[in-house]
Structures are given as structure tokens and as C-alpha cells.
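Working notes, structure below.
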Amino acid sequence: IANDVLIRGQKRDNISIEVDGTKVHGACVNRMDPPVSHILANQIEEVEVIEGPYDVETFGTMSGGLKITTKKPTKDLHGEVNLGYGSFNYTKVGATVSGGNDIVRVLVSGSSESSDQYVDGNGNTLAEQLKNNAPSANQLQPQYEDMQAYKKKSIMAKAFVAVTDDQELRLSVTKNKSDDVLYSNSKMDAAYDYSNIYSVEYNIKNITDEYKNINLQYYYSDVDHPMDTKYRNSGASVYKTNQLKTTMQGLKLKNNFEIDSYKLLIGLDGSKRTWEGEVFDTNTTTGLEGAHAVSLTHTETKNKALFAKLEKSYGDFDFSMGARYDSTEIVPDDITKQTNDYNAFSANLVNSYNITKEDKVFLGFGQASRVPDARELYPKVDNIYGNENLKQTTNREIDLGYETSRDSFKVKIKTFYSMLENYIYLAKRTLSPLSYTFENIDATVYGAELSASVYATDDITVDMGASYKRGEKDKLTATQTDKDLADMAPLRGNLAVNYEYMNQSIATLETQVSDKWSNYDSDNGEQELGAWGIVNFKVKHAVNKNFDFTLGINNMFDEAYAQSNTYVDLILLSAGAETMLLNEPGRYVYTNLTFKF
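Each position in the sequence shown, counted from 1, maps to that position plus 20 in my numbering.
Right, here's the structure in full:
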């Protein structure tokens, strides 16, 4: 429920996450509540993945991003009820209802889910992985070893009001409440994670023949996230809490024009994020809290931007170009801390040439930047130091690709070369005692991706994909000996066979494989991970147009494997020389029932 997203080895602020036009941030400095954790899968209509610096509409799309679109209310009455159950006592109940008339359309969607601790391929629960790999103080107290892994509830409500035939007011609110979430290779668990996302949007279309659309949107979100040691051995008599809060509000104006076959977008974007944290102790006997201290100084990040995008086709050529200018000010409340100002110009050009109706090549050039955040600038957490003098990171990237589509198959190949100037990187500060700090380095990331589908018969389709990337530091600092860049997963691939039968029923057998992680940043906490391969199976059977059920098995052969490495930008546990790896779930059997009307 709280997985972080990586795109070509980039995560955190190096990519942007947007939900229905609203910029979303988590509150936890240790990524317990990444942006995608504040929206649920059953609320989502579609997800657009942006690879590279090719989005000028969103603040911070330096190396990629996600644009998540949730379901919209319908005029006709529609409803859906989802019931899910799986291994490890996973249960989920969700429902969505939508309807209205020519004036008002309304949608309400809610869900509740929970799960016990999953068991990995070695037969160990989260508590047992802790017991086998972490210091005693960080292990769960005996009375909590069998506790649930998490509980989560969410509700989303939308109302679209037709003011006139061409004008519409759109209102949206999403509320999430997660409680007692275990993070077994971290020092703390999440006591709770509560978030609210609000959006007010006004859309006008068909203004003139050339002026096609104007859209004005205001959004606001807040997250409250305390993490603590209440269930760990170290918290048996007094437990520590680090409570972090963040808010995000923004205003965006977009104007769309069509002039002589040119499509033009011009917009204004402004936002303000606040982020703060405090730590305190709680006596487990009396429930009394001790003195509160600042863990993250209250900081405001204020951004103003102007952006434009132009699209045009000339015969077999398609062109898209965009530009954005950002002015950002980062202001801490603590007067002893430094205020930073940043200005950035982003631009991109994407050209595609339709060789034939079936074949196309494309070439992209892009530049985009992102500013440091409050965690990177100011605090000291454990042995990690902020750096008030950080410069913004700029990504200059080239993308080249080819795609072909035939009656029997389609193939897409992409390559990229990314040059990162002043890349914000967490690296060794001192060797004795061992400490880390954020610093600016220059780095290079390059790689290739392949995706293909083969239509073997009318009923059988074979999907396949593979990706490979390398990341390297251009120059080593005094405390560094390893040129490998962190978070660069090795060669990975997938192969799936899909069989369609009856009416909209489908069965899928899939394998996912990964080479061993042999190129890793040993200076900064990463370690060699073994190669792995898993097999998944799923059948979605449509009984009729109103009812279908899904039966699936993930990791069918119960393999023990770790997918994510241990770069020190996450504060993870260590029982010795190596940081604790957290294995993925073992064999997981699940079923989902869906009723529609």
C-alpha cells in the first residue's frame, strides 16, 4: 500500500506525481507514505507514465513522472462492488456509485482493507525477518509479533456541475486513513497516515473557433504522519515518535488554442508546500509525552512558473515542443537556516517520423530541473546531514526510439542518455565516525527498453518486455571509491501469455526475471543482490455483464527474493556490516469478486 515509484532509476523529487492535476507529496522523510500511497487502485481510471524531461505542465518533472486520472462521475446510474480476499488474511471491500442528470453528476467511491504480515519464500513473517536480521532493540516485542501489517480506509467523492453547455464546475475530495503500518527494515513503524486531497476546477470549452478551452484549478492536500517505536523492543517502557506533516496547495491556469492546425497550450502555475516535523517520547505506563523537539524545521517551498507547449504535424512528421520557466523560493522558519532561491528554464523537443503507416521513429531532446527539498537542505537525522548550499539538479537528456505495428505483432524499442548536472546525492561525509550528507555531483544514466506483443492466434497474445540501465558518477569525491550510481536495477524482463475465451474472460501466465545486482554503490549502503525469477498466474472470468471474478497466484513457486536495494537515502536497519534486506512476499493466492450495475 506504500510502494515508491522508480522510473529509469529515478525516484523521490527526481520524478513528479500528479493526481487529477493536483501535485501530491508524502510527509515521511523515510518514504513510508510516498505520493502514490494517497490514492487507491480501484479509484484509478488510467495512468500516464512520462519517461524523461518531457512535461512542462508539472513542477519538478526532471527525469519522468506519473499523471494519474481517477474515475469521473457519469450521467447514467452505475455502480460497482468489489470483494477481495487473499493469503495472509488480506481482505478488501470497495464500492463505487455514480449518477446524475444533465446538470449534476456525482461519484462516491470507498474502500476498506487490511492484511496480516506476509510470509516470504523462506516462510518468515515480517516479524521473523526482523528477528533474523535486525538488532534486538529494533525487533517487535513478543506480544506484537503476530499483529496485523496494516489497516487502510479511503473515500473519494466528486461532483461535476454543468453551469452552461460549455462550462463546468468540478469538485473533488479524497480522504485516506492508514493505521498501524509495519515497516520491518526501518527503525520505526507508522502509527497512522492520514491525508486529504481537495480540488476545485472550472472548465470552459468552445470559447471561439481558435480559443478551444480554458481551465482553472485550485488544489490543496495535507498529510499527517507520525512514525514511532511503540511496537519495538526499544519502546517497551518509553517509545519515540517522529511526527511529520506536510501541506501542498496550488493554482494552475491552462489555455488551449488551435490556430491554423497548430495546437498551442499556454499556462501559469503556482504552488506552496509546507513541511515540518517534531520528535517526542511517550511513557507507555502513564501515556504522558515528554518534551517536543524539532526534527524538520518548518519550511515553505514557493514556486511560480510560466509554461507553453506547441504541437504541429507536417505530412509524415509530428513535432511537439515545450518550455517552462520556474522561480522557486525555499524559506525555513528557523532564522539560523539559510533561505534559497532558484530559477530554471526547461525545454523539450520531440520529433517523430512516420516511415510508413506501420513504422515510426522518434527523437527527443529535453532539459528540466528540480530544486532540493527541506529534508535535503536542513535536518540532521541519525548520521545523515542536510546541506544548505545545495544547487538545483538539471537533467539534459536524449531519447531515440522505433516502433512498428503489424497485424501479427507490434514492437517498441527506446534508448536514452541522461546527463545529470548537480545531481543531489546522499554520500559519505566522514568515514570515522561514519556519516552521510547530501551533495551535488555530476552523473550519467543511460539504458534501453524493449516491449513487444505477438498475436499468435485470435485468442492467444504473447507480451514481453525488457529494460537495462546503467548509472555512473562522472567524478569521485574524497570519500568515494565506487563510480556506480545507486538505484540502478539490473537487466530485467517479463514474458506473459494471455488466452482470451468466452466473453471478455482472460487467463494470463507470466514470468518476471531479474539478473543479479552486480553494479551497485557499495560506498553508500547498496549490496549485491542475487538473480531471481517468479511465475504468476491469473484468470479473470466474466460470468455475465454484471459479475466477474478473478483468481490469481503471485510467486507461484514460493521463491525467496529481494527486489529493492539498500541505498542509504532510506534509513534502514543493520545487524552488522550489511543493511537489512527485506524479502518480497512468497506465494500469494487471491480472489476478487466484482458486481456491476
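Where a beta carbon is used, it is the ideal one built from N, C-alpha and C, also for glycine.
What separation, rounded to the nearest whole angstrom, lies between the Cα atoms of S215 and S174?
-> 10 Å
Hey, how far is the Cα of A527 from the Cα of P93?
-> 30 Å
Between L694 and P399, which are expected to be in contact by the criterion C-beta below 8 Å, what is the C-beta distance as a whole number of angstroms?
-> Outside the modelled stretch of the chain, which goes from 21 to 617, sits residue 694, for which no answer is possible.
Would you tell me roughly how many angstroms separate the C-alpha atoms of D140 and R190, rounded to the nearest one?
-> Put simply, the backbone Cα of D140 is about 44 Å away from that of R190.
Mind checking whether F385 and L369 have CB atoms under 8 Å apart?
-> yes
In three-state terms, what does DSSP make of E77?
-> In the three-state DSSP reduction, E77 falls in the coil class, being neither helix nor strand.
Rounded to a whole number of angstroms, what is the C-alpha to C-alpha distance between T116 and S131?
-> Here the alpha carbon of T116 sits roughly 9 Å from the alpha carbon of S131.
Is it buried or exposed for A394, if we count other Cβ within 10 angstroms and need 16 for buried?
-> buried
Determine the extent of the alpha helix (DSSP H) in which E396 is found, giving its start and end residues.
-> A394 to L397
For F617, is the classification buried or exposed, using 16 other Cβ atoms within 10 angstroms of its Cβ as the cut-off for buried?
-> exposed
Distance CB(M600)-CB(N262) smaller than 8 Å = no
Other residues of its chain near R426: CB distance less than 8 Å, five sequence neighbours each side excluded | E378
According to the neighbour-count rule (16 or more other Cβ atoms, all chains shown, within 10 Å of its Cβ), is H45 buried or exposed?
-> buried
Contact check, L383 vs L420 under 8 Å by CB: the rounded distance?
-> 5 Å
Would you give the residue range spanned by the alpha helix (DSSP H) that L146 belongs to?
-> L146 to N153
For E546 and S594, the rounded distance between their alpha carbons | 12 Å
Can you name the start and end residues of the beta strand (DSSP E) that I21 belongs to?
-> Premise fails: I21 is in no beta strand (DSSP E) and is neither H nor E.
Evaluate S538 with the Cβ neighbour count: other Cβ atoms within 10 Å of its Cβ, from every protein chain shown; 16 or more gives buried, anything less gives exposed.
-> exposed
For the 8 Å Cβ check, are there 3 or more pairs between the region 324-331 and the region 271-289?
-> yes
Length of the line joining the Cα atoms of N556 and T477 = 22 Å
Which of helix, strand or coil does DSSP assign to P453?
-> coil
Report the residue from A343, K380 and D483 whose alpha carbon sits nearest the alpha carbon of A388.
-> A343
Can you grab the Cα-Cα spacing for the pair V193 / D200, in whole Å?
-> In a straight line, the C-alpha of V193 is about 24 Å away from that of D200.
Identify which residue in V474, D229 and A256 has its Cα closest to the Cα of E278.
-> D229
For A463 versus L515, is the C-beta distance shorter than 8 Å?
-> At least 8 Å separates the beta-carbon of A463 from that of L515.
In its own chain, which residues sit with a C-beta less than 6 Å from the C-beta of N233, not counting the 5 before and 5 after it?
-> K225 and N276
Among M167, P453 and R416, the one whose alpha carbon lies nearest that of Y437 | R416
Per DSSP, I286 is paired with what?
-> N275 and A328
Cβ neighbour criterion (16 or more within 10 Å) applied to E133 | buried
Among residues of its own chain, excluding the 5 on either side of Y239, which ones have a beta-carbon nearer than 6 Å to its beta-carbon?
-> Excluding sequence positions up to five before and after Y239, its CB lies within less than 6 Å of the CB of T42, S219 and G270, all in the same chain and listed in chain order.
Report all residues from its chain with a CB closer than 6 Å to the CB of S372; omit the five preceding and five following residues, and keep chain order.
-> Same-chain partners within the cutoff: D338, K380 and F382.
Could you please give me the residues that DSSP links to L17 through a beta bridge?
-> Residue coverage of the chain in this structure runs from 21 to 617, which leaves residue 17 outside it and unanswerable.
Taking three-plus beta-carbon pairs below 8 Å as touching, is the region 147-167 in contact with the region 116-127?
-> no
Does DSSP classify G310 as helix, strand or coil?
-> coil
Any 3 or more C-beta pairs closer than 8 Å across the region 107-115 and the region 440-457 = Below 8 Å, too few C-beta pairs join the region 107-115 and the region 440-457 to call them touching: fewer than three.
With distances taken Cα to Cα, identify the nearest neighbour of S534 among Y540, T501 and G553.
-> G553
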